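Asker: Protein chains in written order, with this note's numbering: chain S, 1 to 284; chain Y, 285 to 568.
Sharing a structure with you now.
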């Protein structure tokens, strides 16, 4: 594996790989790699002859009062994990490499970015789509891998790729959970032992929602209330939103006719976590 | 030459050309091809093994009160000219092909789009950058060709490519003029005989500005006044702006130390024309 810091290095490595006829896979991350990321990397490794992982804590997707400064950074450890996972290139650019002086071009998906995370975190998705557009242009991958934990992000990226005719395919990968159900997230490291225990109510409430759905519940409002009521029992967990929406448009639905996604965002102390579950015919 | 209407056809033709090791050149146009466009095409033909011309009157770059409906359309004639010029693919998509139902992703360059044309035509450059990003992603060219007549557009596209790390090079090509000096533009066809005669004051005033610069004039305000005063003599020409700016930042300058661009936008009846001239050491 090569650890590279510049766009030119990525381009020249990709050129060689292309000439060898290799399929290129990109796994964009903000580092602090956990089993969720490693699942994305393994999927890329199976599907592609050349795997690039980017580690970049992208400042443009953080709001002014968010956790950019304290976001966990562990490049050495990340590099070790990537090496073990058979990654070809780990691309860890500086902020200046990605956003040089005078940078001022933005890619923005409207509509589905204005709800849920987009409402709670203004400007967040504009930062995400802009940095992903850049990473796609730099790596020119055939496939890029995103986890379903960040469900809205996945849908926003898919829409960007479709609307702008970007020549790659987005591969979506199931959320990876700790044995006790907590969705893996680099932000879990912020939690104290008590907070971590309390945070379990999020995934537990989603599992309860799935159970209700499997048992025949189709009323979105009742599913939403079921989750809210469970979470409210934990005094140190504060709901930002609980939403039952159409899986593509992310618009609220009243009745779960075919499928829905249930999304939760909540604060546990100073830590904001998100999680979601898809309700469809695959739910047993 | 193949005339194609769908994105898929372009992609599959480009794939074959790439496999043959050919360099891809793209000339994005709105059709109504004139000698200015043909100069771009010839340049592409010299430099590339595979030349794509797109003809698409892009609705998103027209304001609600602008000339989208009456913009000249002449695909048959355009196809004949492209065929003669040795173009490989003429891509003439429908509006639905480029902007399907639900389309809502935009590429926006800030800063240099907020002055001059951007000020007079709100939203114009967002439409231009978005459609160019799409055309670049569809064609994946090594080179894309733009004329200097639309100087600000050229700078905006160059900035988009640089900021978003798009894997292509923008080639800028000198403005082509009629024998009497009028900059070639598809919009010249709107002019009556008298208007066309009056419109000559624009290029004539720019030539006078160049002469003054060559004779030693370095005061931007005096250059600007020289042009304004000449244009004001024509009663049916109304100035939108006359600006003397830095060639890269497009910010107004006071003294022409090294180089400058002088840009003019003016109305002749219902027709809005733009023109410009670069003042630098190459001016003799």
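Note that CB positions come from ideal geometry on N, CA and C, so glycine has one too.
Since we're looking at a predicted model, the values are computed, not measured.
Among Y:390, Y:291 and Y:411, which residue has its Cα nearest to the Cα of residue 159 (chain S)?
Answerer: The shortest Cα separation from residue 159 (chain S) among Y:390, Y:291 and Y:411 belongs to Y:390.
Asker: With 16 as the cutoff for other CB atoms within 10 Å, does residue 166 (chain S) come out buried or exposed?
Answerer: With 16 or more other Cβ atoms within 10 Å, it is buried.
Asker: Quick check: is the beta carbon of residue 149 (chain S) nearer than 8 Å to any beta carbon in chain Y?
Answerer: No, residue 149 (chain S) lies away from the interface with chain Y (no Cβ there is under 8 Å from its Cβ).
Asker: My output table needs one value for residue 229 (chain S): the three-state DSSP class, helix, strand or coil.
Answerer: It is helical.
Asker: Measuring only between beta-carbons, confirm whether residue 418 (chain Y) sits less than 8 Å from chain S.
Answerer: Yes, contact with chain S.
Asker: Find out if the Cβ-Cβ distance for the pair residue 588 (chain Y), residue 464 (chain Y) is shorter than 8 Å.
Answerer: The structure shown does not extend to residue 588 (chain Y), since chain Y is modelled only from 285 through 568, so no value can be given for it.
Asker: Count the CB pairs spanning the stretch 413-427 of chain Y and the stretch 377-396 of chain Y that are closer than 8 Å, and state whether there are at least three.
Answerer: They touch, by the three-pair rule.
Asker: Which first and last residues belong to the beta strand (DSSP E) in which residue 279 (chain S) is found?
Answerer: From DSSP, the beta strand (DSSP E) with residue 279 (chain S) extends over 271-279.
Asker: Given this structure, state the Cα-to-Cα distance separating residue 445 (chain Y) from residue 417 (chain Y), to the nearest angstrom.
Answerer: If you take the alpha carbons of residue 445 (chain Y) and residue 417 (chain Y), they lie about 9 Å apart.
Asker: Mind listing the chain Y neighbours of residue 140 (chain S)? Cutoff is C-beta to C-beta under 7 Å, in chain order.
Answerer: By Cβ distance, chain Y contributes 451.
Asker: To the nearest whole angstrom, what separates the beta carbons of residue 233 (chain S) and residue 268 (chain S), a pair I think is in contact under 8 Å?
Answerer: With 8 Å as the limit, residue 233 (chain S) and residue 268 (chain S) do not qualify as a contact, their Cβ atoms being about 14 Å apart.
Asker: Can you confirm whether residue 387 (chain Y), when its beta carbon is compared against all beta carbons of chain S, has any partner nearer than 8 Å?
Answerer: Cβ-Cβ to chain S under 8 Å: yes for residue 387 (chain Y).
Asker: For the alpha helix (DSSP H) that residue 9 (chain S) lies in, which residues bound it at each end?
Answerer: Taken as a continuous stretch (DSSP letters only), the alpha helix (DSSP H) holding residue 9 (chain S) covers 7-19.
Asker: Would you mind sorting residue 362 (chain Y) into buried or exposed? The rule is 16 or more other CB atoms within 10 Å of its CB.
Answerer: Classification of residue 362 (chain Y): buried, given that the 10 Å Cβ count is 16 or more.
Asker: For the beta strand (DSSP E) containing residue 238 (chain S), name the first residue and the last one.
Answerer: Note, residue 238 (chain S): beta strand (DSSP E), 237-245.
Asker: Quick check on the burial criterion: 16 or more other C-beta atoms within 10 angstroms. Buried or exposed for residue 379 (chain Y)?
Answerer: Per the 10 Å Cβ criterion, exposed.
Asker: Decide yes or no for the touch test of the stretch 301-319 of chain Y against the stretch 422-431 of chain Y: beta carbon pairs closer than 8 Å, at least 3 of them.
Answerer: Output reads yes: the stretch 422-431 of chain Y touches the stretch 301-319 of chain Y.
Asker: Is there a Cβ of chain Y sitting closer than 8 Å to that of residue 246 (chain S), yes or no?
Answerer: No, residue 246 (chain S) does not count as interfacial toward chain Y.
Asker: Closer than 8 Å, CB to CB, is residue 164 (chain S) near chain Y or not?
Answerer: Answer yes: the Cβ-Cβ gap between residue 164 (chain S) and chain Y drops below 8 Å somewhere.
Asker: In the DSSP output, which residue or residues are listed as bridge partners for residue 308 (chain Y)?
Answerer: According to DSSP, residue 308 (chain Y) bridges with Y:334.
Asker: Run through DSSP, which three-state label would residue 135 (chain S) get?
Answerer: Here residue 135 (chain S) sits in helix by DSSP.
Asker: What residue does the alpha helix (DSSP H) around residue 152 (chain S) start on, and which one ends it?
Answerer: 151-163 is the span of the alpha helix (DSSP H), which, as asked, contains residue 152 (chain S).
Asker: Establish whether the CB of residue 395 (chain Y) and some CB of chain S are separated by less than 8 Å.
Answerer: Yes, its Cβ sits closer than 8 Å to a Cβ of chain S.
Asker: Just to make sure I have the definition right: I need the residues of chain S whose C-beta is within less than 8 Å of the C-beta of residue 291 (chain Y). Which are they?
Answerer: The contacting residues are 165.
Asker: Can you tell me where the alpha helix (DSSP H) with residue 213 (chain S) in it begins and where it stops?
Answerer: That run of the alpha helix (DSSP H) goes 193-214.
Asker: Counting only Cβ pairs nearer than 8 Å, list the residues of chain Y close to residue 159 (chain S).
Answerer: Those within 8 Å of residue 159 (chain S) in chain Y are 388 and 389.
Asker: Measuring only the C-alpha atoms, how far is residue 187 (chain S) from residue 399 (chain Y)?
Answerer: About 42 Å.
Asker: Below 8 Å between beta carbons: does that hold for residue 377 (chain Y) and residue 289 (chain Y)?
Answerer: Cβ distance < 8 Å, so residue 377 (chain Y) and residue 289 (chain Y) count as in contact.
Asker: With 16 other CB atoms within 10 Å as the buried threshold, where does residue 174 (chain S) fall?
Answerer: So residue 174 (chain S) ends up on the exposed side.
Asker: How is the beta strand (DSSP E) around residue 178 (chain S) delimited, first residue to last?
Answerer: Premise fails: residue 178 (chain S) is in no beta strand (DSSP E) and is neither H nor E.
Asker: Quick one: Cα of residue 374 (chain Y) to Cα of residue 338 (chain Y), how far?
Answerer: Distance between the alpha carbons of residue 374 (chain Y) and residue 338 (chain Y): 6 Å.
Asker: Are any of the Cβ atoms in chain S nearer than 8 Å to that of residue 398 (chain Y)?
Answerer: Judged by the 8 Å Cβ criterion, residue 398 (chain Y) is not in contact with chain S.
Asker: So that I know if they touch, is there some Cβ in chain Y lying closer than 8 Å to that of residue 108 (chain S)?
Answerer: So yes, residue 108 (chain S) belongs to the interface.
Asker: What are the start and end residues of the alpha helix (DSSP H) that includes residue 75 (chain S)?
Answerer: Run containing residue 75 (chain S): 75-84, per the alpha helix (DSSP H) assignment.
Asker: Hey, how far is the Cα of residue 260 (chain S) from the Cα of residue 71 (chain S)?
Answerer: Approximately 31 Å between the Cα atoms of the pair.
Asker: With DSSP as the reference, please indicate the residues paired to residue 536 (chain Y) in a beta bridge.
Answerer: For residue 536 (chain Y), which the question treats as bridged, DSSP gives the partners Y:529.
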